[in-house]
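Here the sequence shown is numbered in the UniProt record's numbering, starting from 1 and rising by one per residue. We treat Cβ as the ideally placed atom computed from N, Cα and C, and that holds for glycine.
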Amino acid sequence: MVLTLTVEKRSVTETMDKMWSIVLNLSALDGTEVVINKDFTLKYRSGQDVEEGVNGLLGEMQEAIDDYKSEQAIFNHTKLDTAITYLNNSLTG
1 MVLTLTVEKR SVTETMDKMW SIVLNLSALD GTEVVINKDF TLKYRSGQDV
51 EEGVNGLLGE MQEAIDDYKS EQAIFNHTKL DTAITYLNNS LTG
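Pasting the structure below:
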């Protein structure tokens, strides 16, 4: 499964003197359907090396992508389909 990924700037807010909250949004499309639309926040102090924070965001964003792919693997597994068929055939009304 190949997702189309986009990261965009959402906002920058000063939370304290020389301390900023930077919000970025990760959007992932599976075909034409948006499957991830999540904001991630980077805390930034003026003069700080932003690379460490960006690497942390990269890890968080990749985790969200990996979680989605794992969820889809379970959702689309034939054993789950078999279980649903069994339940539908076993219930009485």
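Could you give the distance in angstroms between the alpha-carbon of N25 and the alpha-carbon of N37? Locating residue 25 in the sequence shown gives position 25, where the first residue counts as 1. Locating residue 37 in the sequence shown gives position 37, where the first residue counts as 1. Straight-line measurement puts the Cα of N37 at about 7 Å from the Cα of N25.
K18, DSSP secondary structure in three states: Within the sequence shown, numbered from 1, the residue matching residue 18 stands at position 18. K18: coil per DSSP, three-state reduction.
What does the Cβ neighbour count give for residue 127, buried or exposed, with the cut at 16 atoms within 10 Å? Residue 127 is absent from the structure shown; the chain starts at 1 and stops at 93.
For A73, does the count of other Cβ atoms within 10 angstroms reach 16, so buried, or fall short, so exposed? Here the question's residue 73 lines up with position 73 in the sequence shown. It counts as exposed.
Can you tell me which residues form a DSSP beta bridge with R45? The residue given as residue 45 occupies position 45 in the sequence shown. M19.
DSSP has K79 in a bridge; who is on the other side? Mapped onto the sequence shown, residue 79 falls at position 79. Looking at the DSSP output, K79 sits in no beta bridge, so it has no partner there.
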